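Numbering (numbering that gives the first Met the number 0) for the sequence shown: 0 to 1087. Okay, structure first, notes after.
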Amino acid sequence: MSNKYHQNPNAAQEKQLIQWINEAGMCDGGKKSGLLRKIVELLLHQLSPMIPLYMENVLSFVNDKSTDVRKIVIGFIQELSTNFPDNLPKVISQLQLLVIDPVVAVQKRAIQAASVVYKNVLEWLCTSSNEADMKFVWEHINKSKLLVLNMIDSENEGIRTHAIKFLEEVVILQTPDSEGSNDFSLDDLPRTLTFINRRSLEEEAEHIFQLLLKFHNSQHISSVNLMACMTTVISLAKFRPKYLPRVVQALGDLHTTLPPTLSQSQVNSVRKHLKIQIINLVKHPSSNEMIPQLLQLLSDIGMTQQEINKVIPKEKRNKRMADVKNGDTPAKRFRLDSPQNSQSSDSNSRTDMFDDDSNQSAKTSPVTEDSIYEGLNNIDNVINLVTTTLLNQLPLEMPQSFLTTYKPIPNAGTGAQKRSLAKMILAVIKGEPEVLPTPAISQPVTTKIPLLSEDDEKITLKNAVAKLQESTKVDRQVETAVSKLMEETRQEFLKEEERKAKEKEKQAPPPTPTVPKLKQKVKLLKLQEITRPVPKEIKERMMMQAVARILNSEREAAIGGAAQIRAKFITIFASSYSPDIRDLVMNYILDDPINRIDLGLSWLYEEYAYMQGFNRHPATLQKANEKPDQNYSQLLCALVTQICEGGKPLLENSKEVLLRRIYTEAPVITDEAVDYLKHLVIEDKLVLALELIEELCVMRPPRAHKYAPALVCHVLNENEEIREFALKSALNIYKTGSDAVKKVIEKNALLYLGFIALDSPPSELMGSRHSIRVWSDDLYKLCLNLVMALFLENEELIIDVARVYGCSGAEAKRCVLRAVEGPLRGVAAAHPPAAAPPPFRALLQDCPRGAETLLTRLVHILTDKAPPSAELVARVRELYATRVSDVRFLIPVLNGLSKREILAALPKLIKLNPVVVKEVFNKLLGLQNPNNEQLPVTPEELLVALHLIDPNKADLKYIIKATALCFAEKNVYTQDVVSAVLQRLAEEPDTPVLMMRSVLQALTLYPGLGPLALNILQLLIDREVWTNKVAWEGWVKCCERLGPCASAVLGALPPRARAALPPHLAHAQEAFPQPVPKPLEPLPPGME
């Protein structure tokens, strides 16, 4: 018992863990998530050796309804992969299910954990030795990776963001590390893994990177996704420098053409984020070769040269200064008033644009992007440039390429747009064949960036600030007017082109064969224009006919080897389309359920996949109020009811087999299906239904607590066969089931136990009985059957029994005492003698009111075959003194009490039922003393105490019966014992009332005590026995019994006493006058 109830701290923590797991399985809502969080914390950080044992209990919550619970499970899987990677084969499949969870919050948390788990899987593959587990984990993590990759096109913005971060981790892990950092890369993956192709992984990483760049430059991307994707590609450029040129090119493209769907505030946020990311990239060591392009990009964004110089690291700035000293001196910037002046060789046309001290250098300096940019900041230059272009360079018809490639400029008039326009004009001036939006990015890496001296920077900055203050208001007006004008012009042109195209179609003459057309516009074929939609009724009829043809092609599919594909098609049709198709497939299965039950089970699993979210209907087939769980439940119940209630004769012998297959092979048994089993119990298939419920509880432990009530409720059935079978099955499930099942069975057992405290039987007990609802012994037994059967397995139920017993009626208590006898003895026999089980000790410490008789019976059983322990005696003594006034409570521990306590209780004990009094004297006299322990009261003291009982406390009749019981035990009360008792009674100062009666009984039993009797008679003469009527009558009868031997005693009577003698004794004394003879044996001391 000490090992069971005194455990080490780890055992206490494990017990606490088990308790939390049980409570989490039974509760709902926030309490479950709190308990699960405690379970995970305790299991991971304090009971880590127990993880393989209790891991499944935590993973069983993966399908819980609560979002918080599923997120906690995801965190548990992530921690296991990090700290205990050997458990990856057991948890990787659960993570795959959570990645496609229907709840967005759970899905995002699963994707976030997947990036950590993916890295941990690769590291684990480097150290593991079990190839089978390695293949299994690799296959599942690859499936999860593909699922997340497809989520880049998800409708939810948050899921797309998390998918981007996951793909960033994949690209880093699946590419070699050229910088030699300590982080994991493709180089660390062993080449000995046959199931992993390193080249394929690297190609996959390249494909993912291209996908990220494409997504980054998409025209319909949201601002949040854009900034997340921007951060990702720049991180990839930092960790993998080979991607840096393409990332810089993508950033330049983004700066030039932002998505048109962004609002102004979003544009500002994106540009600010772009600026910060480029600055971070400039400071990174891997960006040395791309510094010119990055600085040019910062300049395009709007940063001044002084700001750019501040963000350049010191070492890179020194490198640029060295380049300048070597002869790469940047050209001075000059201003341009008009596009025509830039092409003229006349020096006089430029004299007003330059200072007097720089005329010579300006004539020899080439046209640069900065000079054009400054010229575009002058409104007059812009107006002249536009009007000149409209007059001289604008074509009469808009080119087709312009129509297809033109997009509205969202940042028209801003500094960035002016900078881009300056690049394009410079490209035209230089005669470059292709004009790129950001030519600075496509420049060679060796391009040097000109530097300004400190004085030049100050002058330039001062001039730029002054110009900015002057032209801010005008720039805004120009920006607004230009954007509005360009958009209106484009819209009008498009409308005009559309009108002209329609007129040409109407008025164009038929083509002449002799005159070939150079270009002929081909009209696109539109399906909506040349077809007509099929009516809904015809469409549904055609679908029904198509499905019917597939159903009737069973033989052909089997011959062609397409049986599995056909079955898959049928299940998809039945679970995805209209109710008519469902009915058609159901009727097809029920036509021959024996041979087509596999198809029905496949359909059931298909519905289960939709219910759990493993599969999803296409968008065109999704219904507004669709309930996948309802479809699954309806299908399961339809299969069960149709097969069981079908009237086909050939099906009768196979119904049990089919029902057993459905219930044992179905993925989940719903509450409705369990209720139908309860219905079958009431009908003729009672054995099959009860067996199925028992099998469900045994074979499906996680949900056994949901099935057990359907079995336990039948322990109250009025049919004895059903009742006995249910009781036996419930007991078997209780022995082998989980704690959750045990709690459910105990809950029902205590519920039925509580019925006995009601005034009338509840409806659950009556069943189909139509009699008056009155308690009977049989109904009491029904309520007690289950709890008494569980008593041997769970001793703590005695406390609940006592609680209900205390508030029950007399008849109920009587039935409980009879029913509890056997279980109590069984529990007592399973423990060491005289050692009370802990629940019994608890009951002794805190006995419910009214349960004293039950407690008395319990103490009787504990002391039946062994003496009571000192602890038990002390507790019984305390209860007797404070709460239990019934003296019967002391009987089991009589031999443990002191002599004073026994003698004090003796008057009450002898008043009890004769049978009980007999038991009491057996204990006191040692007749039930197999261990020969020392008795607190000797037989002599007991008989003397009986004689000395005050008649006011107990009637003489009870004392007489008690003394008779003593004298009846001749083996105990021998002649010597009786002689000692009589001597002690004679020594009493007051003659006991029953002393002479006992003398007579002693003479009857032992005639050899005659001399002792004569001595007692002589002693009583000295005490004037004739004055005590009762004692005198006994004295006279004793003389009659002694006969002639008593003549001497009669002769010693004084005359007044002789007068009271009966006549026959008086004549006998006169006929035989003799002196008192000497005693035949020596008198005891004090009797001379």
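Just so you know, even glycine gets a beta-carbon here, dropped at the ideal spot from N, CA and C. Predicted model only: the values in this text are computed from it and were never measured.
Through-space distance from residue j to residue i, alpha-carbon basis
| i | j | result |
| --- | --- | --- |
| residue 60 | residue 72 | 7 Å |
| residue 189 | residue 83 | 21 Å |
| residue 554 | residue 226 | 58 Å |
| residue 294 | residue 281 | 8 Å |
| residue 740 | residue 845 | 29 Å |
| residue 86 | residue 819 | 49 Å |
| residue 414 | residue 387 | 23 Å |
| residue 275 | residue 79 | 37 Å |
| residue 871 | residue 809 | 27 Å |
| residue 999 | residue 984 | 14 Å |
| residue 638 | residue 68 | 33 Å |
| residue 757 | residue 803 | 10 Å |
| residue 609 | residue 615 | 6 Å |
| residue 941 | residue 1035 | 27 Å |
| residue 249 | residue 52 | 52 Å |
| residue 465 | residue 152 | Model confidence at residue 465 stands at a pLDDT of 41, short of 50, so the residue's coordinates are unreliable; what they give is reported in the following sentence. Residue 465 and residue 152: Cα-Cα distance of roughly 48 Å. |
| residue 563 | residue 605 | 14 Å |
| residue 917 | residue 10 | 50 Å |
| residue 267 | residue 251 | 16 Å |
| residue 807 | residue 783 | 13 Å |
| residue 867 | residue 860 | 10 Å |
| residue 692 | residue 628 | 22 Å |
| residue 965 | residue 905 | 14 Å |
| residue 679 | residue 773 | 29 Å |
| residue 798 | residue 749 | 11 Å |
| residue 239 | residue 168 | 12 Å |
| residue 37 | residue 74 | 13 Å |
| residue 987 | residue 1047 | 24 Å |
Contact under 7 Å by Cβ, residue i with residue j
| i | j | result |
| --- | --- | --- |
| residue 311 | residue 297 | no |
| residue 589 | residue 633 | no |
| residue 208 | residue 147 | no |
| residue 1166 | residue 158 | Residue 1166 is absent from the model: the chain starts at 0 and stops at 1087. |
| residue 828 | residue 779 | no |
| residue 709 | residue 686 | no |
| residue 971 | residue 938 | yes |
| residue 160 | residue 224 | yes |
| residue 417 | residue 368 | no |
| residue 111 | residue 139 | no |
| residue 134 | residue 108 | no |
| residue 56 | residue 20 | yes |
| residue 643 | residue 671 | no |
| residue 657 | residue 760 | no |
| residue 174 | residue 185 | yes |
| residue 886 | residue 907 | yes |
| residue 16 | residue 43 | no |
| residue 34 | residue 22 | yes |
| residue 253 | residue 242 | no |
Whole-Å CB distance - residue i paired with residue j, under 8 Å assumed
| i | j | result |
| --- | --- | --- |
| residue 583 | residue 546 | 6 Å |
| residue 919 | residue 893 | 7 Å |
| residue 596 | residue 660 | 6 Å |
| residue 702 | residue 714 | With 8 Å as the limit, residue 702 and residue 714 do not qualify as a contact, their Cβ atoms being about 21 Å apart. |
| residue 992 | residue 1029 | 6 Å |
| residue 689 | residue 706 | That belief does not hold up - the Cβ atoms of residue 689 and residue 706 are roughly 12 Å apart, past 8 Å. |
Minimum Cβ-Cβ distance from residue i to chain D less than 7 Å
| i | result |
| --- | --- |
| residue 615 | Among the protein chains of the structure shown there is no chain D, as only one such chain exists. |
beta-carbon residue i near the ligand COA non-hydrogen atom, thresh 6 Å
| i | result |
| --- | --- |
| residue 73 | This structure lacks the ligand COA, and indeed carries no ligand of any kind. |
(message) What ranges does the beta strand (DSSP E) occupy inside the segment 114-171, keeping only unbroken runs of at least 3 residues that lie completely in it?
(response) Runs found: none.
(message) What ranges does the alpha helix (DSSP H) occupy inside the segment 805-853, keeping only unbroken runs of at least 4 residues that lie completely in it?
(response) Within the segment 805-853, the complete alpha helix (DSSP H) runs of at least 4 residues are 809-828 and 837-844.
(message) Threshold first: 3 residues or longer. Then list the beta strand (DSSP E) segments lying entirely within the segment 739-799, N to C.
(response) If only uninterrupted beta strand (DSSP E) runs of at least 3 residues are considered, none is enclosed by the segment 739-799.
(message) Give the list of continuous alpha helix (DSSP H) stretches no shorter than 4 residues that lie fully inside the segment 1002-1048.
(response) 1009-1021 and 1028-1041, all fully within the segment 1002-1048.
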